[in-house]
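**Q** Which chain is which? The protein sequence lines are R and P, in order. The numbering of the first sequence is the numbering used here, which starts it at 1 and goes up by one. The numbering of the second sequence is the numbering used here, which starts it at 1 and goes up by one. My questions all concern the structure below.
Number of protein chains: 2
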Amino acid sequence: LDRLRRAEVVVYDDLASRELVARCRPGCLRLHVGKRGGTRSTAQEEIIRHLITHGRAGRRVVRLKGGDPLIFGRGGEEIAALAKAGIAWEVVPGVTSAAAAGAAAGVPLTHRDFASAVVFLAGHENPRKTGPLIDWSAYARLKATLCIYMGARRLGAIAAELLAGGMEPGTPVAIVSHATCPDERVQFLTLRRLAGVKPDASLSPAITIIGAVAAHSAGIRAVVRKIKPAGRGRSRP
Amino acid sequence: LDRLRRAEVVVYDDLASRELVARCRPGCLRLHVGKRGGTRSTAQEEIIRHLITHGRAGRRVVRLKGGDPLIFGRGGEEIAALAKAGIAWEVVPGVTSAAAAGAAAGVPLTHRDFASAVVFLAGHENPRKTGPLIDWSAYARLKATLCIYMGARRLGAIAAELLAGGMEPGTPVAIVSHATCPDERVQFLTLRRLAGVKPDASLSPAITIIGAVAAHSAGIRAVVRKIKPAGRGRSRP
Chain R
1 LDRLRRAEVV
11 VYDDLASREL
21 VARCRPGCLR
31 LHVGKRGGTR
41 STAQEEIIRH
51 LITHGRAGRR
61 VVRLKGGDPL
71 IFGRGGEEIA
81 ALAKAGIAWE
91 VVPGVTSAAA
101 AGAAAGVPLT
111 HRDFASAVVF
121 LAGHENPRKT
131 GPLIDWSAYA
141 RLKATLCIYM
151 GARRLGAIAA
161 ELLAGGMEPG
171 TPVAIVSHAT
181 CPDERVQFLT
191 LRRLAGVKPD
201 ASLSPAITII
211 GAVAAHSAGI
221 RAVVRKIKPA
231 GRGRSRP
Chain P
1 LDRLRRAEVV
11 VYDDLASREL
21 VARCRPGCLR
31 LHVGKRGGTR
41 STAQEEIIRH
51 LITHGRAGRR
61 VVRLKGGDPL
71 IFGRGGEEIA
81 ALAKAGIAWE
91 VVPGVTSAAA
101 AGAAAGVPLT
111 HRDFASAVVF
121 LAGHENPRKT
131 GPLIDWSAYA
141 RLKATLCIYM
151 GARRLGAIAA
161 ELLAGGMEPG
171 TPVAIVSHAT
181 CPDERVQFLT
191 LRRLAGVKPD
201 ASLSPAITII
211 GAVAAHSAGI
221 RAVVRKIKPA
231 GRGRSRP
């Protein structure tokens, strides 16, 4: 908030909070750089051009994102471009979406009895990716909590890959859509049911939590008691 | 901050920010429940007793922790106890230590070219643990970024287990001690060197980031240029 109040330029995403953008000082240049399917890489180049142009002009620039900028936020690419251009930067860490989703659903991402580790994975990988692809079967065997970022349209396929890799069909799952927003929605199901879930764009943005923690805490059972009984895809009112 | 300002009781840890505790209203009961080695489980029972006693008395209680309460924060156990006692609760998510460490070191925890996943693991597992133990060799093969929470005293042993599991000896490592604090310190090394690191209590609390991202971004190379050349355990000034 301190950095925003002192910014001369703010470059913000679709997922950045509008309440925060509204706290900028009068006269601050506000650049909306929402990304949408198909124009992703063009948009990223434009974003970096904005940061460098205003940075070189000596302006105080805030790049505002939802979540944490260094966890599936492409912040690494942006600071690399700034470093290459000789522009000083700092990163203010944020609340990553999986933490917001855990809080919304009352699901602890780690638990000393059920999960000594938590994994954040990109469900929707960069289609022009040159680096390592995700080997879902390796994650199926970890006994860690898995949090799937993005990829709400691929949930059925991901569940099928985890099942093929040996993960228990009864593994509890929580899908948290629009965490922390007024239309926040939490659904509890099992991995077996997740494999049959049809692609649903209305779920996005969503975090899917897979693992024993999604059902084993008394905290979450208390939430479950408040939701409608039985049926697939139960929602918290 | 809103919740803290309205709190009648605040129950806070050693790692909670004193600046935040200072923002409580006058007359707020401040209970320091710092945990220290050896008394951990007694302290946890006491914490829960405080929460339930004040909660049952109808007081507005804030349980203040450093980091995110549901990621290695035992928040799951605390909300489970509250749910069992019939006391209403909400979780305000936080900036988990690994995100703070990534920001401090300029290391992106994920990167579309180098890491499609990031794992948070507890280096120091509960000695009386009944749940699954960590199979480090399974993590050695993931090609994901590993962030080790706690366990600064076990880093050499963890590195040895990862090497035995087949992880490349040249894998880049960043140890971030006291992230976001005035005595913040970042050291860059390799997994091979980490295996020879002696237990060092002055590093705690520390997050250790293991994976290609710890060296491959231009952002981090810019940081590395600022630090002293050569030698094991280089620190940022």
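Cβ atoms here follow ideal geometry from the backbone N, Cα and C, with glycine treated the same way. Note that the coordinates shown come from a computational prediction; the quantities given were computed from them, not determined experimentally.
Can you give me the C-alpha to C-alpha distance between H124(P) and A174(P), rounded to a whole angstrom?
**A** Cα to Cα, H124(P) sits roughly 18 Å from A174(P).
**Q** Of all Cβ atoms in chain P, is any one closer than 8 Å to the Cβ of P205(R)?
**A** Not an interface residue.
**Q** In the DSSP output, which residue or residues are listed as bridge partners for T208(R)?
**A** Answer is I148(R), I175(R).
**Q** For G73(R), is the beta carbon positioned less than 7 Å from some heavy atom of the ligand PLP?
**A** As for the ligand PLP, it is missing from this structure, which has no ligand bound.
**Q** What residues of chain P sit near S137(R), judged by a beta carbon separation below 8 Å?
**A** Here the premise fails: no neighbours, minimum Cβ distance about 11 Å.
**Q** Along the region 44 to 72 of chain R, what residues have a CB closer than 7 Å to any CB found in chain P?
**A** Cβ contacts with chain P come from D68, L70, I71, F72.
**Q** Would L1(R) be called buried (16 or more neighbouring beta carbons within 10 Å of its own) or exposed?
**A** Burial call: exposed.
**Q** Note down, in chain order, each residue of its chain lying with its Cβ closer than 8 Å to the Cβ of A144(P), except the 5 sequence neighbours on either side.
**A** A115, S116, A117, V118, V119, G211, listed in sequence order.
**Q** For T180(P), write down the residues that DSSP places opposite it in a beta bridge.
**A** None; T180(P) has no bridge partner.
**Q** Among the candidates S17(R), A164(R), V11(R), whose CA atom is the shortest distance from the CA of P182(R)?
**A** Taking only the C-alpha atoms, the option nearest P182(R) is S17(R).
**Q** When the cut-off is 8 Å and only beta carbons count, does G170(R) lie next to chain P?
**A** Not closer than 8 Å to any Cβ of chain P, the Cβ of G170(R) fails to qualify, so no.
**Q** Under 8 Å, Cβ to Cβ, is there at least one residue of chain R near I227(P)?
**A** With a pLDDT of 38 at I227(P), under the threshold of 50, the modelled position of this residue cannot be trusted; read the value that follows with caution. By this cut-off, I227(P) is not an interface position.
**Q** Quick check on L142(P): does DSSP put it in helix, strand or coil?
**A** Coil.
**Q** On the CB-based measure, 16 or more other CB atoms within 10 Å of its CB, does L162(P) come out buried or exposed?
**A** Buried: at least 16 other Cβ atoms inside 10 Å.
**Q** Counting only C-beta atoms, is P93(R) closer than 8 Å to chain P at any point?
**A** Judged by the 8 Å Cβ criterion, P93(R) is in contact with chain P.
**Q** Work out the CA separation of G67(P) and T96(P) for me, nearest whole Å.
**A** About 4 Å.
**Q** Would DSSP call R56(P) helix, strand or coil?
**A** Correct three-state label for R56(P): helix.
**Q** What do you get for G102(R), buried or exposed, if any count of 16 or more other CB atoms within 10 angstroms of its CB means buried?
**A** Its Cβ being crowded by 16 or more others within 10 Å, G102(R) is buried.
**Q** If we define contact as Cβ-Cβ less than 8 Å, is I209(R) a contact residue for chain P?
**A** For I209(R), the answer is no, since every Cβ of chain P falls outside 8 Å of its Cβ.
**Q** Roughly how many angstroms separate the alpha carbons of R192(R) and G156(R), rounded to a whole number?
**A** Rounded to whole angstroms, R192(R) to G156(R) spans 9 Å at the Cα level.
**Q** R25(R) and V62(R) look like a contact to me (Cβ under 8 Å); what is the Cβ gap, rounded to whole Å?
**A** Going by Cβ atoms, the distance from R25(R) to V62(R) rounds to 11 Å, so no, they are not a contact pair.
**Q** Helix, strand or coil: which one does DSSP assign to V10(R)?
**A** Reduced to three states, the DSSP call for V10(R) is strand.
**Q** Compare the C-beta of A99(R) with all C-beta atoms of chain P and state if any pair is closer than 8 Å.
**A** Closer than 8 Å: yes.
**Q** With H, G and I counted as helix, E and B as strand and the rest as coil, what does DSSP make of V33(R)?
**A** DSSP places V33(R) in coil when its eight states are reduced to three.
**Q** Taking Cβ-Cβ distances shorter than 8 Å, what residues in chain R pair up with F188(P)?
**A** Near F188(P) there are no residues of chain R at all, since even the closest Cβ is about 15 Å away, more than 8 Å.
**Q** Please list, in chain order, all residues of the same chain as A99(P) whose beta carbon is under 8 Å from its beta carbon, the five residues on each side excluded.
**A** Cβ neighbours of A99(P) beyond the five flanking positions: L109.
**Q** Within a Cβ cutoff of 7 Å, which residues of the same chain sit near A160(R), ignoring the five residues on either side of it in sequence?
**A** Closer than 7 Å at the Cβ level, and outside the excluded window around A160(R), lie A195.
**Q** Opposite R63(P) in the DSSP bridges: which residues?
**A** For R63(P), which the question treats as bridged, DSSP gives the partners V11(P).
**Q** Considering only residues of the same chain and omitting the five flanking positions on each side of L203(R), which have a CB-CB separation below 7 Å?
**A** Within the same chain, L203(R) has close Cβ partners A152, I175, S177.
**Q** Any beta-carbon of chain P closer than 8 Å to the one on I158(R)?
**A** No, because no Cβ of chain P sits closer than 8 Å to the Cβ of I158(R).
**Q** Who does L70(R) pair with in a DSSP beta bridge?
**A** DSSP, once it has assigned bridges, lists no residue as partnering L70(R).
**Q** Do V11(P) and C28(P) have their C-beta atoms within less than 8 Å of each other?
**A** Not closer than 8 Å, so no.
**Q** Could you tell me which chain P residues have their CB closer than 9 Å to the CB of S177(R), listed as they occur along the chain?
**A** What S177(R) touches in chain P: nothing, since even the nearest Cβ is about 16 Å away.
**Q** Identify every residue that forms a DSSP beta bridge with H111(R).
**A** DSSP lists A115(R) as partners of H111(R).
**Q** Is there at least one Cβ from chain R nearer than 8 Å to R241(P)'s Cβ?
**A** Any question about residue 241(P) goes unanswered here, given that chain P covers just 1 to 237.
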